[in-house]
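K.L.:
Numbering-wise (our numbering), the sequence shown opens with residue 34 and increments by one.
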Amino acid sequence: MASTKLSVIVTGAAVGLGKAIAVEFLKCGWQVALVDIAAEKLAATVDAVNALGHPGEALGVAADITDEASVQSVFDKSVAAFGQVDALVNSAGIMDKFHAVGEQDVALWNKVLDVNLNGAFLLSRLAAQEFLREGRVVRNGDASGEVKTGGAIVNIASIAAFRGGVAGVAYTTSKYAAIGLTTSTAAAYAKQGIRCNAICPGSMETAIAEDFDYSSLGQQFASVMKVNEMSVGFSDTGRLGRLVLFLCGEDGQDINGAVIQVDRGWTSI
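1. Among the candidates SER103, ALA46, LEU165 and CYS233, whose CA atom is the shortest distance from the CA of LYS224?
2. Do you know how far the Cα of GLU136 is from the Cα of TRP63?
3. State the DSSP-derived secondary structure class of CYS338, mapped to helix, strand or coil.
4. In terms of residue numbering, what span does the alpha helix (DSSP H) encompassing GLY274 cover?
5. Considering only the alpha carbon of each residue, which of GLY271, VAL148, GLY86 and ALA125 lies closest to ALA203?
6. Which word fits VAL139, buried or exposed, when buried means at least 16 other C-beta atoms lie within 10 angstroms of its C-beta?
7. With distances taken from CA atoms, which of SER157, GLU57 and GLY126 is nearest ASN143?
8. To the nearest angstrom, report how far apart ASN151 and THR270 are at their CA atoms.
9. Quick check: the Cα distance between TYR247 and PHE131, rounded to an integer number of angstroms?
10. Mapping DSSP to helix, strand and coil, what is VAL79?
11. Could you give the distance in angstroms between the alpha-carbon of PHE58 and the alpha-carbon of VAL43?
12. Could you say if the stretch 75 to 83 and the stretch 102 to 110 meet the contact criterion of at least three C-beta pairs nearer than 8 Å?
13. Would you say GLY93 and LEU75 are within 7 Å of each other, going by their C-beta atoms?
14. Where does the unbroken beta strand (DSSP E) through VAL11 begin, and where does it stop?
15. Following the continuous beta strand (DSSP E) through THR44, name the residue where it begins and the one where it ends.
16. Can you name the start and end residues of the beta strand (DSSP E) that ALA193 belongs to?
17. If the criterion is Cβ atoms closer than 7 Å, does the pair VAL122 and VAL187 meet it?
18. To which residues of the same chain is VAL112 closer than 8 Å at the C-beta, ignoring the five residues directly before and after it?
19. By alpha-carbon positions, which one of GLY184, LEU156, GLY285 and GLY274 ends up nearest to ARG169?
20. Helix, strand or coil for ASP100, going by three-state DSSP, please let me know.
21. At which residues does the beta strand (DSSP E) containing ALA231 begin and terminate?
22. Rounding to the nearest angstrom, what Cα-Cα distance links ALA161 and LEU141 in this structure?
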């Protein structure tokens, strides 16, 4: 008999926000495929979260989300383990070096766009196909009326999607593009009950935040980050994880195409 538990794929799940998101889903009994390119860190994380004694089921899948075959394997392994996939959280991301366009290294530009945008595209593409797959059980959506299926995608964007001065050109561009990916997906599949939303965090104490070296940044970017720290502080990854869980669950079924700023008021300053 197929499992009646909901299942989700969470990328970038070995550390930071991705890990926090995965833990919140597991606490609520979801089956979670934790995906990350860092295989050793991922294995340690899966062992650690399983030791918490949650009602969910954790599956570690080491994968390169910029590689089409690797992304396909993520879905193949998830469906084999859980029967189907009900939600996707595109949390994997990398930072640039805060360079303006004139100083941006082409190789790093391509790498940031590949991970932050192309990876999310490849995963979302297969998620949409999985949500529309014939024979799939509707267990995360409204099957009434014209709605035939269900499923949810949450993209982790950033306040860099709204403000050009909080990151370099590569990261900023990737997060602007993530909003386009979100709203296009939401509009395209709304009648099928497939939802796609984005959250836009400000500062978080994550692996990306740990990479900040203010002394090596330009004065403009260093000042922006310092002002944020002193005024509104860091967002809690656990609370962000619970927001993502809400958007993917039953109570979030009316929310589609939303771009939610979760920055403790940073963008209002």
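For each residue, glycine too, the CB sits at the ideal point set by N, CA and C. If you're wondering where the values come from, they're calculated on a predicted model, not measured in any experiment.
P.N.:
Taking the coordinates as given:
1. The residue among SER103, ALA46, LEU165 and CYS233 with its C-alpha nearest the C-alpha of LYS224 is LEU165.
2. 44 Å
3. Residue 338 lies beyond the stretch modelled for the chain, which goes from 34 to 302, so this question has no answer here.
4. 270 to 281
5. VAL148
6. VAL139 comes out exposed.
7. GLY126
8. Rounded to the nearest angstrom, the two C-alpha atoms are 24 Å apart.
9. Its pLDDT being 48, under 50, TYR247 is placed unreliably by the model, and nothing is read from it.
10. helix
11. 10 Å
12. no
13. yes
14. The first residue shown for the chain is 34 and the last is 302, placing residue 11 beyond what the model contains.
15. 40 to 44
16. Careful: ALA193 lies outside any beta strand (DSSP E) and carries neither H nor E.
17. yes
18. VAL118 and GLU163
19. GLY184
20. coil
21. Per DSSP, ALA231 belongs to the beta strand (DSSP E) from 227 to 234.
22. 29 Å
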